[in-house]
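**Q** The structure that follows is given in the form of structure tokens.
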Amino acid sequence: MNQVWPIFKREFAAYFATPLAYVFIVIFLFAMGAFTFYIGHFFDNGVADLSVFFAYHPWLYLFLVPALSMRLWAEERSSGTMELLLTLPIPLWATVVGKYLAAWAFTGVALALTFPIWLTVNYLGSPDNGVILASYIGSFLMAGGYLAIGSAISATTSNQVIAFVVSVVVCFLFTISGAPLVLDFFHGWAPQALVDAVASFSFLTHFSAITQGVIDLRDLVFFFSLIALFLTANIVAVDLKRVG
Amino acid sequence: MIEISGLTKHFGAIAAVSGIDLKVGRGEVLGFLGPNGAGKSTTMKMITGFLAPSAGRVWVCGHDVETDSIAAQQQIGYLPEGAPAYGDMTPRQFLGFIAEVRGYRGEAAKQAVAKAVARTELDPVLEQTIDTLSKGFKRRVGLAQAILHDPPVLIMDEPTDGLDPNQKHAVRSLIRAMAPQKAIIVSTHLLEEVEAICTRAVIIDRGRVVADGTPAELLARSRHHNAVTLTLPAAQAESAKAKLKALSTVANVEQIGRSDGMVELTAFPKSGALLIEDASRLAVNEKWDVKELYAEAGRLDEVFRAITTHDTTRARESRA
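Quick note, the sequences are listed as chains A and B, same order. Take any residue in the first sequence, count from 1 to its spot, add 26: that is its number in the numbering used here. Take any residue in the second sequence, count from 1 to its spot, add 23: that is its number in the numbering used here.
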């Protein structure tokens with residue numbers, strides 16, 4: 027942990043050293059608001075809960091999180107700082123985890139800044155704040171899942187645009203893997219167990235389960251193991267480039 | 024301090040480095056020379072653990088870079104080619120980050136940064152972002168980063184590339200000042216740099232070591248080693264040339280005409296002979312109007328070309 031901290035600190039500060047952080051946060055909040063009020067018809071529903079707000083999180087993350095993660099490794103590689111970073115006496119896992127946690131913490135900040143909507147709904151009625159808290163936790167975990175995927179993909183290229191596009195596609199598949207678009211591809215030839223396994227990768231399924239207000243251990247295990255899996259892939263991707 | 028054995032790196036079918044063996048001890052400043060693409064940077068990247076070798080091993084202060092990389096990297100200060108740094112940080116923030124990664128905390132970190140800043144004279148730009156710095160200052164930020172933890176082993180990839188003569192001088196003085204306590208490897212294209220700071224020069228070509236010796240030893244391989252050049256009026260050139268040729272120590276004399284009516288005669292010695300005394304005595308006795316007279320230690324660029332010009336290029340040149 028001692029070695030993760032300096033990496034985390036530098037990476038986190040880097041977001042705020044450039045307009046990136048501010049642009050991201052403003053667009054994130056603006057998009058959240060637009061989806062909730064105009065597409066989700068928050069006021070028309072007449073219900074004091076945030077389900078319409080959270081329902082759009084997966085779709086927003088789908089584009090915004092890869093925009094954050096695309097630079098994580100691709101930028102280091104194209105600017106040459108990768109060589110500096112990897113020749114410092116830190117284990118590779120600590121570098122990968124430190125950078126990842128910084129990005130995750132940053133999405134946490136952006137997510138926390140949506141608090142006015144929580145104040146609004148509490149002012150208008152008396153929502154179940156337990157459900158809202160669970161939903162926030164679920165949303166944060168889901169953002170972490172998207173970030174881990176994006177981070178691993180960013181490590182395979184020095185081109186940020188490629189990192190972005192590929193990440194969006196992979197994240198999209200993970201988002202909707204419970205939907206017919208993906209499952210029909212497996213139906214008919216794959217054993218039912220595989221189809222079920224693919225369906226269980228769906229972020230939507232796990233996230234909507236949490237937004238019901240129940241944080242099931244299975245959903246936690248899903249997100250954390252997905253993050254661990256992709257961070258491992260991230261380490262392997264960086265290491266493979268060393269071998270050349 | 025640095026021990027390299029059978030170091031090899033393949034990129035696909037291309038062998039960038041093939042079987043390099045080297046040992047560098049404390050107090051040595053080893054100059055890595057070679058044409059572009061000879062494998063200098065690749066070798067340095069393997070010594071510092073950025074690239075994994077295809078074969079062979081590297082030990083730094085007794086630590087195997089592949090199996091014990093953290094311990095090895097703690098002993099190394101590395102300036103990668105182009106001195107990469109995080110452009111949106113100021114040198115103070117950047118060096119603070121490096122200090123922290125290197126395990127310095129609090130007051131110790133401040134002191135380590137202050138010392139590195141003082142040695143590289145970074146004071147005037149400490150609070151500007153690195154992106155806005157001139158090339159010279161950027162390079163010095165890279166240098167400060169490399170020497171911050173006072174490492175026993177320093178690896179620098181073209182530390183003076185793109186610097187102006189004053190900055191080059193400053194960097195070379197710094198390297199010379201650190202040399203006695205460290206093992207240093209410097210890669211360079213500048214042959215004068217080798218003569219200025221290196222105690223040993225290694226020429227690499229197509230991934231192999233093709234020459235290894237002190238700069239003086241390499242100079243001795245030059246055709247111009249101990250050659251004597253006289254500048255005198257064109258009228259005296261022919262007789263002077265004949266007289267010089269007649270000396271027992273002279274192998275050959277070449278003549279270059281100049282636009283101002285003078286002629287330069289260069290006398291090449293027979294192997295190892297010292298010509299300057301014979302030549303100057305002759306000039307006095309014959310009462311030539313000599314305007315210039317000097318002996319050369321040798322020309323490193325000539326040795327460099329002779330060693331690294333490939334057979335195909337040589338064949339093409341001889342056909343032309």
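Where is the CB? At the ideal position from N, CA and C, for every residue including glycine.
1. Give me the Cα-Cα distance between Ile143 (chain A) and Ser157 (chain B), rounded to the nearest whole angstrom.
2. Does the beta carbon of Gly129 (chain B) come closer than 9 Å to any beta carbon on chain A?
3. Can you check whether the C-beta of Val124 (chain B) is within less than 9 Å of a C-beta belonging to chain A?
4. Relative to the alpha-carbon of Met96 (chain A), which residue among A:Val52, A:Leu173, A:Ala219 has its alpha-carbon at the smallest distance?
5. Below 8 Å on the Cβ atoms is my guess for Ala129 (chain A) versus Leu88 (chain A); work out the distance and round it to an integer in Å.
6. Do Phe120 (chain B) and Ile153 (chain B) have their CB atoms nearer than 9 Å?
7. For the beta strand (DSSP E) containing Met69 (chain B), name the first residue and the last one.
8. Select from A:Thr113, A:Glu102, A:Ala136 the residue whose C-alpha is nearest the C-alpha of Gly110 (chain B).
9. List, in order along the chain, the chain A residues whose C-beta lies closer than 9 Å to that of Met112 (chain B)?
10. As a quick exercise: from B:Ile227, B:Gln134, B:Arg49, pick the residue whose alpha carbon is nearest that of Thr331 (chain B).
11. Under 8 Å Cβ-Cβ, which residues of chain A neighbour Ile93 (chain B)?
12. For Glu325 (chain B) and Val52 (chain B), I'd like the C-alpha separation in whole angstroms.
13. From the beta carbon of Arg268 (chain A), is the nearest beta carbon of chain B less than 9 Å away?
14. Leaving aside the five residues before and after Gln190 (chain B) along the sequence, list all residues of the same chain whose C-beta is less than 6 Å from its C-beta, in chain order.
15. Who are the near neighbours of Ser228 (chain A) in its chain, counting only those whose CB is closer than 6 Å to its CB and skipping five residues on each side?
16. What residue does the alpha helix (DSSP H) around Phe229 (chain A) start on, and which one ends it?
17. Going residue by residue through the stretch 100-164 of chain B, where are the continuous alpha helix (DSSP H) segments of at least 4 residues, counting only ones entirely within it?
18. Quick one: is Tyr317 (chain B) buried, meaning 16 or more other Cβ sit within 10 Å of its Cβ, or exposed?
19. How big is the Cα-Cα spacing for Pro344 (chain B) and His33 (chain B)?
20. Thinking just about the alpha-carbon of each residue, which of B:Trp82, B:Glu123, B:Glu287 is nearest to the one in Gln168 (chain B)?
21. Under the three-state reduction of DSSP, which class applies to Ile178 (chain B): helix, strand or coil?
22. Select from A:Lys125, A:Leu167, A:Asp210, A:Ser193 the residue whose C-alpha is nearest the C-alpha of His232 (chain A).
23. Mind pulling the chain A residues with CB within less than 7 Å of Pro103 (chain B)?
24. Would a check of beta-carbon distances place Lys133 (chain B) closer than 9 Å to chain A?
25. Do Gln259 (chain B) and Gly50 (chain B) have their CB atoms nearer than 9 Å?
26. Quick one: does Ile51 (chain A) have its CB under 9 Å from some CB of chain B?
27. Is there a Cβ of chain A sitting closer than 9 Å to that of Ile43 (chain B), yes or no?
28. From Ala100 (chain B) to Ile53 (chain A), what does the alpha carbon distance come to, in whole angstroms?
29. I need the DSSP call for Glu89 (chain B), collapsed to helix, strand or coil.
30. Taking DSSP as the reference, what is the three-state secondary structure of Lys205 (chain B)?
31. What is the DSSP secondary structure of Tyr149 (chain A), counted as helix, strand or coil?
32. Which residues share a DSSP beta bridge with Arg231 (chain B)?
33. Does any residue of chain B bring its CB to less than 9 Å from the CB of Trp31 (chain A)?
34. Mind checking who Ile27 (chain B) pairs with in its DSSP beta bridge?
35. Shorter than 9 Å from the beta carbon of Thr152 (chain B) to some beta carbon of chain A?
36. According to DSSP, is Thr254 (chain B) helix, strand or coil?
**A** Taking the coordinates as given:
1. Those two C-alpha atoms are separated by around 47 Å.
2. When Cβ-Cβ separations below 9 Å define contact, Gly129 (chain B) makes no contact with chain A.
3. So, interface residue.
4. Measuring from the Cα of Met96 (chain A), the nearest candidate turns out to be A:Leu173.
5. Not confirmed; about 16 Å, so no contact.
6. Contact flag unset, no.
7. Counted as a single uninterrupted DSSP element, the stretch harbouring Met69 (chain B) is not any beta strand (DSSP E) but the alpha helix (DSSP H) occupying residues 63-70.
8. Just measuring C-alpha positions, the residue of A:Thr113, A:Glu102, A:Ala136 sitting nearest Gly110 (chain B) is A:Glu102.
9. What Met112 (chain B) touches in chain A: Arg36, Ala39, Ala40, Ala43.
10. The option with the nearest alpha carbon to Thr331 (chain B) is B:Ile227.
11. The contacting residues are Pro115, Ile116, Pro117.
12. Each residue's Cα considered, the two are about 22 Å apart.
13. True, the Cβ-Cβ gap to chain B drops below 9 Å.
14. Excluding residues within five positions, the ones whose Cβ falls inside 6 Å are Gly159.
15. Hits under 6 Å: Ser203, Gly204.
16. For Phe229 (chain A), the enclosing alpha helix (DSSP H) stretches over residues 229-237.
17. 114-124, 129-143, all fully within the stretch 100-164 of chain B.
18. Classification of Tyr317 (chain B): exposed, given that the 10 Å Cβ count is below 16.
19. Only positions 24 to 343 of chain B appear in the structure, and residue 344 (chain B) is not among them; the question remains open.
20. The candidate whose alpha carbon is nearest that of Gln168 (chain B) is B:Glu123.
21. Ile178 (chain B) falls in the strand class under three-state DSSP.
22. Measuring from the Cα of His232 (chain A), the nearest candidate turns out to be A:Leu167.
23. By Cβ distance, chain A contributes Gly106, Glu109, Leu110.
24. Not flagged as an interface residue toward chain A: Lys133 (chain B), since no C-beta distance is shorter than 9 Å.
25. Result no, Cβ atoms of Gln259 (chain B) and Gly50 (chain B) do not sit closer than 9 Å.
26. Not an interface residue.
27. Not one chain A Cβ lies under 9 Å of Ile43 (chain B).
28. Note that residue 100 (chain B) is Gly in the sequence shown, not Ala. Their backbone Cα atoms lie some 42 Å apart in a straight line.
29. Here DSSP, grouped into helix, strand and coil, assigns Glu89 (chain B) to coil.
30. The answer is coil: DSSP assigns Lys205 (chain B) none of H, G, I, E or B.
31. In the structure shown, Tyr149 (chain A) adopts helical secondary structure according to DSSP, grouped into three states.
32. In DSSP, Arg231 (chain B) forms a bridge with B:Asp228.
33. Yes, because at least one Cβ of chain B sits closer than 9 Å to the Cβ of Trp31 (chain A).
34. DSSP lists B:Leu45, B:Val81 as the bridge partner or partners of Ile27 (chain B).
35. With 9 Å as the cut-off, Thr152 (chain B) counts as an interface residue toward chain A.
36. Collapsing the DSSP output to three states places Thr254 (chain B) in a strand.
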